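Going by our numbering, the sequence shown opens with residue 239, and the numbers climb by one from there. To keep things clear, I will list the structure first and then write my remarks on it.
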Amino acid sequence: MERLSALVGEDNARKLEKIDHPPLHHLIARYVELCEPDSVFVSTDSVEDIAYVRQAAIRAGEELELALAGHTAHFDGYYDQARDKKNTKFLLPPGVDLGSDINAMGRAAGLEEIHKILKGIMKGHQLFVRFFCLGPLSSTFSIPAVQLTDSGYVAHSEDLLYRQGYEEFVRLGRTARFFTFVHSAGELDERKNCTDIENRRVYIDLEDETVYSANTQYGGNTIGHKKLAMRPAIRRASEEGWLTEHMFIMGVHGPHNRVTYFTGAFPSLCGKTSTSMVEGETIVGDDIAYLRIVDGVIRAVNPERGIFGIIQGVNAKDDPIIWDALHSPAEIIFSNVLVTADKGVYWIGKDGEVPRRGLNHSGAWYLGKKDEDGNEIPPSHPNARFTLDMQLLENLDPELNNPSGVEIGGIIYGGRDSDTKVPLEESFDWVHGVITMGAALESETTAATLGKEGVRKINPMSNLDFLSIPLGAYIDAHLEFGTVLQAPPRIFSVNYFIRDKRGQFLNDKADKAVWLKWMERRVHNEVEVFITPTGGIPRYNDLKELFAAVLKKQYTEAAYRQQFTVRVRENLAKIERVEQFYRTNVPDTPPALYTVLAEQKERLEEARKQHGDYISPFAFE
Numbered sequence: 239m240e241r242l243s244a245l246v247g248e249d250n251a252r253k254l255e256k257i258d259h260p261p262l263h264h265l266i267a268r269y270v271e272l273c274e275p276d277s278v279f280v281s282t283d284s285v286e287d288i289a290y291v292r293q294a295a296i297r298a299g300e301e302l303e304l305a306l307a308g309h310t311a312h313f314d315g316y317y318d319q320a321r322d323k324k325n326t327k328f329l330l331p332p333g334v335d336l337g338s339d340i341n342a343m344g345r346a347a348g349l350e351e352i353h354k355i356l357k358g359i360m361k362g363h364q365l366f367v368r369f370f371c372l373g374p375l376s377s378t379f380s381i382p383a384v385q386l387t388d389s390g391y392v393a394h395s396e397d398l399l400y401r402q403g404y405e406e407f408v409r410l411g412r413t414a415r416f417f418t419f420v421h422s423a424g425e426l427d428e429r430k431n432c433t434d435i436e437n438r439r440v441y442i443d444l445e446d447e448t449v450y451s452a453n454t455q456y457g458g459n460t461i462g463h464k465k466l467a468m469r470p471a472i473r474r475a476s477e478e479g480w481l482t483e484h485m486f487i488m489g490v491h492g493p494h495n496r497v498t499y500f501t502g503a504f505p506s507l508c509g510k511t512s513t514s515m516v517e518g519e520t521i522v523g524d525d526i527a528y529l530r531i532v533d534g535v536i537r538a539v540n541p542e543r544g545i546f547g548i549i550q551g552v553n554a555k556d557d558p559i560i561w562d563a564l565h566s567p568a569e570i571i572f573s574n575v576l577v578t579a580d581k582g583v584y585w586i587g588k589d590g591e592v593p594r595r596g597l598n599h600s601g602a603w604y605l606g607k608k609d610e611d612g613n614e615i616p617p618s619h620p621n622a623r624f625t626l627d628m629q630l631l632e633n634l635d636p637e638l639n640n641p642s643g644v645e646i647g648g649i650i651y652g653g654r655d656s657d658t659k660v661p662l663e664e665s666f667d668w669v670h671g672v673i674t675m676g677a678a679l680e681s682e683t684t685a686a687t688l689g690k691e692g693v694r695k696i697n698p699m700s701n702l703d704f705l706s707i708p709l710g711a712y713i714d715a716h717l718e719f720g721t722v723l724q725a726p727p728r729i730f731s732v733n734y735f736i737r738d739k740r741g742q743f744l745n746d747k748a749d750k751a752v753w754l755k756w757m758e759r760r761v762h763n764e765v766e767v768f769i770t771p772t773g774g775i776p777r778y779n780d781l782k783e784l785f786a787a788v789l790k791k792q793y794t795e796a797a798y799r800q801q802f803t804v805r806v807r808e809n810l811a812k813i814e815r816v817e818q819f820y821r822t823n824v825p826d827t828p829p830a831l832y833t834v835l836a837e838q839k840e841r842l843e844e845a846r847k848q849h850g851d852y853i854s855p856f857a858f859e
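Following this line, the structure appears as structure tokens:
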């Protein structure tokens, strides 16, 4: 403690001394010595400490105060706008292989490299030592976590996204098995953006359950939003028999005040947040879920308490709850949007006219501005974000902080698919759903990851980027997880992006409200299905009634026929893509995957013999 006191100061040392965990003290001392910050601030759960962090972000110029009370804006560098998949790597000891689909390097070499980068990196900066709890306090689901960062923006963001954990560390003492996140933005320019992007690194050491991040500020690389809450947690879950998933948790409200909870996995920009925020339903979490079997049922918690959401396209009509929250005088961080002269904000798809000039991730911006490659710069980045505490949401579910979690009645998988999958479908059983809807989940890439947009990729359970165990083992864990249950949750797939031959969308954005109500009733056996070669689809009359009741909208047989036509040719092509993906990339693929896909292929070919390549849903009546 004397050594620690000399490094962090007496006041900070007193805060740390209340936590009876010598390895934690050694860890903090080690990185203070390595990174050499000018000063250190250890934050407790007190209102005063939390307020200090926010003000520090503003004083340092990492956040700009806006006109509406509590609102601030942050800009990441022009080339630091998304998760850096290329430089995000697992550090693995000799003999450990996670598979060809997982980016990895040798542990010893990786640790040596990242510690060289971190040496003296915080000179001129203040180091924030933050404590959080991933999940409700005093819960068997939850994992304590400590973050060391020299970014006030990162530290402030975490206050909105995670439950405060200092007192949890004090309570747990030496029994705390915590995750560690070490981050430095590195050298900053006059706009407070990282200057050494070439040395941007995000390294995950699974043995020590530590994530290192350097020379980046973008939230997905720094906040621990995914890296900290998911990658080490997936590995720990696999060892202990539970699941860490890239899923929302929401309550869908049925007849007689019944609430049925669903989890849902969707790749970026596929409708995940908008589904979890459907008006009339309640939200437990929009992004990550820890699932455990408790007393014979699956229960889930949200390890976060806030939202780091994509803001593009948010408008008053389609997203009224988020819209109202974003216009309330409360603590919200807008990142990489356009800040106007009156200190308001604009983003792509916001109601109203596009401003002619302002300040954005490129600096001073004007309509028609181009970057050095000749590309026109939009007013806000397509991956611009908002960060807020879920307490601002009028649809927040009261079970958010329940230490026991919520019982899950259904699991939803959704991708971006213009020509193959019907808008809504139920699997035949747990194994069929895990394989044909989860393991075979396919979607087009978006601006949320670096690289090309519009490329169709297979993304099992929407979790491929975050896996810390071999993909085959991960799928096998899913198969075993549900098959031990007498009545596992039903599994559904949704697709909001099916188009007709002219390229027009066949669904309205609001239709997802009907799909949710139908799934809720299906969980309770109150509606029936037509059995098709790929799963069970809703019956027309049930949807007609729900469209009238939920949306006050007439739903025609023609619309139903277009939307729910079974596209045999496209489904067979998808099976070939999925099989090729697994045979090429996943040597430990569970045999059940090939068996289930072969059975589905056989059903499709048999149906084609009878009905052709495009089969009306009424053919299965």
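Glycine included, every Cβ here is placed at the ideal spot set by N, Cα and C. Because the structure is a prediction, the values reported are computed rather than measured.
Spatial neighbours of residue i in its chain, beta-carbon cut-off 8 Å, leaving aside the 5 residues before and after
i, result
"Ile521", "Phe486, Ile487, Met488, Gly489, Ser514, Met515, Met628, Leu631, Asn633, Leu634, Asp635"
"Gly227", "Look at the range of the chain in this structure, 239 to 859, and you will see that residue 227 is not part of it."
"Arg737", "Ser656, Asp657, Phe743, Leu744"
"Leu831", "Ile673, Ala677, Ile713, Tyr820"
Through-space distance from residue j to residue i, alpha-carbon basis
i, j, result
"Glu664", "Ile729", "6 Å"
"Leu399", "Ile769", "42 Å"
"Ser573", "Phe416", "29 Å"
"Thr625", "Asp851", "46 Å"
"Leu555", "Gly547", "Residue identity check: residue 555 is Lys in the sequence provided, not Leu. Going from the Cα of Lys555 to the Cα of Gly547 covers about 18 Å."
"Asp318", "His309", "22 Å"
"Arg439", "Asp703", "15 Å"
"Glu274", "Asn459", "22 Å"
"Pro331", "Ala475", "20 Å"
"Val246", "His264", "12 Å"
"Asp580", "Ala305", "7 Å"
"Asn250", "Ser243", "7 Å"
"Met239", "Glu271", "14 Å"
"Ile559", "Glu517", "7 Å"
"Ser422", "Ser389", "7 Å"
"Gly509", "Ser277", "43 Å"
"Thr448", "Lys253", "22 Å"
"Phe643", "Arg537", "Sequence check: residue 643 is Gly here, not Phe. Taking the straight line joining both Cα atoms gives about 6 Å."
"Ile435", "Val575", "21 Å"
"Glu764", "His494", "13 Å"
"Trp668", "Thr721", "7 Å"
Residue(s) in a DSSP beta bridge with residue i
i, result
"Asn598", "Gly601"
"His421", "Thr387, Ser451"
"Gly652", "Val732"
"Leu272", "Answer is none; Leu272 lacks a bridge partner."
"His259", "Note: His259 sits in no beta bridge, so no partner."
Cut-off 6 Å between Cβ atoms - residues of its own chain near residue i, not counting five sequence neighbours on either side
i, result
"Phe366", "Phe279, Thr387, Ala393"
"Tyr404", "Thr282, Asp283, Phe369"
"Gly676", "Tyr651, Met699"
"Val535", "Glu645"
"Arg401", "Cys371, Arg543"
"Ala715", "Ser476"
"Asn701", "His484"
"Leu638", "Val522"
"Ala503", "His484, Met485, Tyr651, Met699, Ser700"
Chain-order list of residues whose beta-carbon lies under 7 Å from that of residue i (same chain, five-residue window excluded)
i, result
"Lys608", "Glu614, Ile615"
"Gln800", "Asp738, Leu744"
"Trp753", "Pro661, Leu662, Val732"
"Arg807", "Asp851"
"Thr482", "Met468, Ala471, Ile472, Ala475, Tyr528"
Whole-angstrom C-beta distance between residue j and residue i, which should lie under 8 Å
i, j, result
"Val824", "Gly337", "6 Å"
"His491", "Glu519", "6 Å"
Proximity below 9 Å, CB of residue i to CB of residue j
i, j, result
"Ala452", "Phe419", "no"
"Ile257", "Gly411", "yes"
"Ile713", "Pro828", "yes"
"Lys812", "Glu682", "no"
"Ile571", "Ser395", "yes"
"Tyr218", "Leu356", "Residue 218 lies beyond the residue range present for the chain, which begins at 239 and ends at 859; the question has no answer from this structure."
"Tyr316", "Asn431", "yes"
"Pro771", "Ala845", "yes"
"Tyr456", "Arg321", "yes"
"Ala787", "Val583", "no"
"Ala467", "Pro541", "yes"
"Phe313", "Arg409", "no"
"Leu709", "Asp562", "no"
"Ala602", "Arg595", "yes"
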